[in-house]
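Just so we're aligned, residue 1 is where the sequence shown starts under this note's numbering, counting upward by one.
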Amino acid sequence: MKINLKNYLEERDRMQAFQSVEGPTLTISRNFGCDEEAVIQSLITKLNQLQGEGLKPHPWQYIDKEILEESAHELGIKAIDVDHRVRLHHSAIVNELLSGFTHHYRLPDQVIINKVKEIITTYAQKGNVIIVGRGGIGVTRSIKNSLHIKLTAPLAHRVAIVSKAKRISATEAKELIQRMDNDRKAWAEHLVEHEIDNSIFDLTFNMETATVDEITDLIISLLQKRGLVSPHSSIAKAV
């Protein structure tokens with residue numbers, strides 16, 4: 001069959017436009033004890049049911065530990081080492097001293113941090129991705145077609161959830177929550193090398209009072225208003 005040159009050129013231009021535009025990307029930060037998995041799965045399902053033109057044609061996905069795994073693979077080290085090195089983030093002088101005692105420090109922290117940022121940025125630029133934690137907000141904040149979400153809840157609510165889920169006392173649950181929240185904050189701030197405060201989030205949800213459906217519907221509504229995803233849902237059309 002002879003190629004239709006007009007259609008070919010239009011399709012080529014459309015694909016080049018898709019590739020040149022960064023995003024859309026979502027980042028989700030969360031306090032320990034919030035059910036981010038339910039929100040993420042609901043978001044992925046609803047976003048992939050949207051019909052029509054969005055910024056990018058490929059399905060939405062989410063990444064979390066894959067960031068560590070891909071960084072580790074490219075650096076030739078273990079994912080757990082990437083995690084620990086970002087969390088601890090010693091100065092160049094300390095790295096040099098430690099390199100004489102253990103092979104884990106032969107790569108400077110900054111090399112590891114730069115690789116993690118590179119992996120996050122690559123996913124964000126490709127678009128249609130939800131980046132869960134890992135300092136994603138700090139790395140992708142400058143991307144125009146991005147939206148940044150914070151999931152939180154009162155401490156007492158999270159203590160009750162964690163205590164029940166892990167079958168530990170309220171005191172143990174509170175200590176675990178505080179430790180995990182501090183670790184996550186330190187990890188993200190070491191990655192981007194500056195303090196992260198709540199003012200940089202676009203939307204913050206209280207998971208004690210907001211349902212998963214309410215949260216995901218509001219996020220998608222804002223994405224639609226900004227033209228980052230299609231305004232049409234396959235479910236809505238079927239009803």
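All C-beta atoms, glycine included, are put in the ideal place defined by N, C-alpha and C.
Please tell me whether Ile119 and Ile67 are closer than 7 Å, where the distance is taken between their beta carbons. yes
CB-CB under 6 Å to Lys117, same chain, minus the five flanking residues each way: which ones, in chain order? Val139
Looking at Lys150 and Ser289, is the spacing between their C-beta atoms short of 7 Å? Outside the displayed range of the chain (1 to 239) lies residue 289, so it cannot be described from this structure.
Just to confirm, is the Cβ distance from Gly127 to Thr27 under 7 Å? no
Is it a yes or a no for the segment 205-214 touching the segment 146-164, going by three-plus beta-carbon pairs under 8 Å? yes
Rounded distance between the beta-carbons of Val229 and Leu47, thought under 8 Å: 6 Å
Three-way DSSP call (helix, strand, coil) for Lys166 in this model: helix
Within the continuous alpha helix (DSSP H) that includes Gln224, where are the two ends? 212-225
Does DSSP put Arg106 in a helix, a strand or coil? coil
Taking 7 Å as the threshold (C-beta atoms), are Val86 and Leu191 in contact? yes
What's the gap between the Cα of Tyr62 and the Cα of Ile130? 4 Å
Simplified DSSP state of Leu147, which is helix, strand or coil: strand
Based on the DSSP secondary-structure assignment, which residues constitute the bridge partners of Thr209? For Thr209, which the question treats as bridged, DSSP gives no partner whatsoever.
One question on the structure: do Ile143 and Glu37 come within less than 7 Å of each other, judged by their Cβ atoms? no
From Val94 to Asp109, what does the alpha carbon distance come to, in whole angstroms? With a pLDDT of 43 at Val94, under the threshold of 50, the modelled position of that residue is not reliable, and no figure is offered here.
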